[in-house]
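A short write-up of the structure that comes next.
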Amino acid sequence: VDPAGELLKLGQVSRGTEGAAGAGVQPLGILRMVSLVASLSDTPAEVAFCFATGNTARQRNLDCGIIEPGRTADFVIMDRAQHAPGATLLESVKLGNLPGIGMTVIDGVIRTQRSRNTPPATAVPEIVFGRYAQYG
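Every position in the sequence shown, counted from 1, becomes a number in the numbering used here once 143 is added.
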């Protein structure tokens, strides 16, 4: 019996953290949770990210967590952390590693670039003529 698998079919699995996001430095709780779910279960890393983003947004009727027209443009650009095992971001997260955060966009505005609180990303986005492009 796989109750989580049954819930997943209905899009009802969501994950969160008790870390206070407004308390200054976010303790990376949600990223750690995603990597733990992926590495300690049969859950693919991309599905673990969905538990923490789109599924939660749908269940709580939030205007974030899903990238589509008309929704708030809040997202994070991340990549495999430098020197972490795994050939890709998803493989690395599946092995239990935190991703490297290269950029944070809130309300469509670039708010931060390279994170000081995560390992450095392998590829870091670069702002080019007011737009961003991923360069390795």
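Note that the Cβ used here is the ideal one computed from N, Cα and C, for glycine as well.
Measure the Cβ-Cβ separation of I253 and V219 and say whether it is below 7 Å. No, the Cβ-Cβ distance between I253 and V219 is not below 7 Å.
Would you call the region 202-214 and the region 177-189 touching, i.e. three or more CB-CB distances under 8 Å? These segments do not touch.
C-alpha distance - D185 paired with I209, whole-angstrom precision: Looking at the two C-alpha atoms, the distance is approximately 24 Å.
Just list the residues that DSSP pairs M246 with in beta bridges. Looking at the DSSP output, M246 bridges to I220.
Alpha carbon to alpha carbon, how far is L171 from T196? Answer to the nearest angstrom: the Cα atoms are 15 Å apart.
Residues in its own chain within less than 7 Å of L238 by CB, not counting five upstream and five downstream? So the qualifying residues of the chain are S182, P228 and G229.
Taking the alpha-carbon positions, what's the R257 to G251 distance? Cα-Cα distance, rounded: 17 Å.
R223 versus A188: straight-line alpha-carbon distance, rounded: Rounded to the nearest whole angstrom, the CA to CA distance from R223 to A188 is 12 Å.
Going by DSSP in three states, V144 sits in which element: helix, strand or coil? For V144, the predicted model reports a pLDDT of 41, less than 50, meaning its position is unreliable; a value from the coordinates is still stated below. Correct three-state label for V144: coil.
Distance between T247 and A216 (C-alpha atoms, nearest Å): Rounded to whole angstroms, A216 to T247 spans 10 Å at the Cα level.
Straight-line CA distance for V190 to V271? Spanning the two alpha carbons is a distance of roughly 31 Å.
Counted within 10 angstroms of its Cβ, other Cβ atoms place P242 as buried (16 or more) or exposed: So P242 counts as buried.
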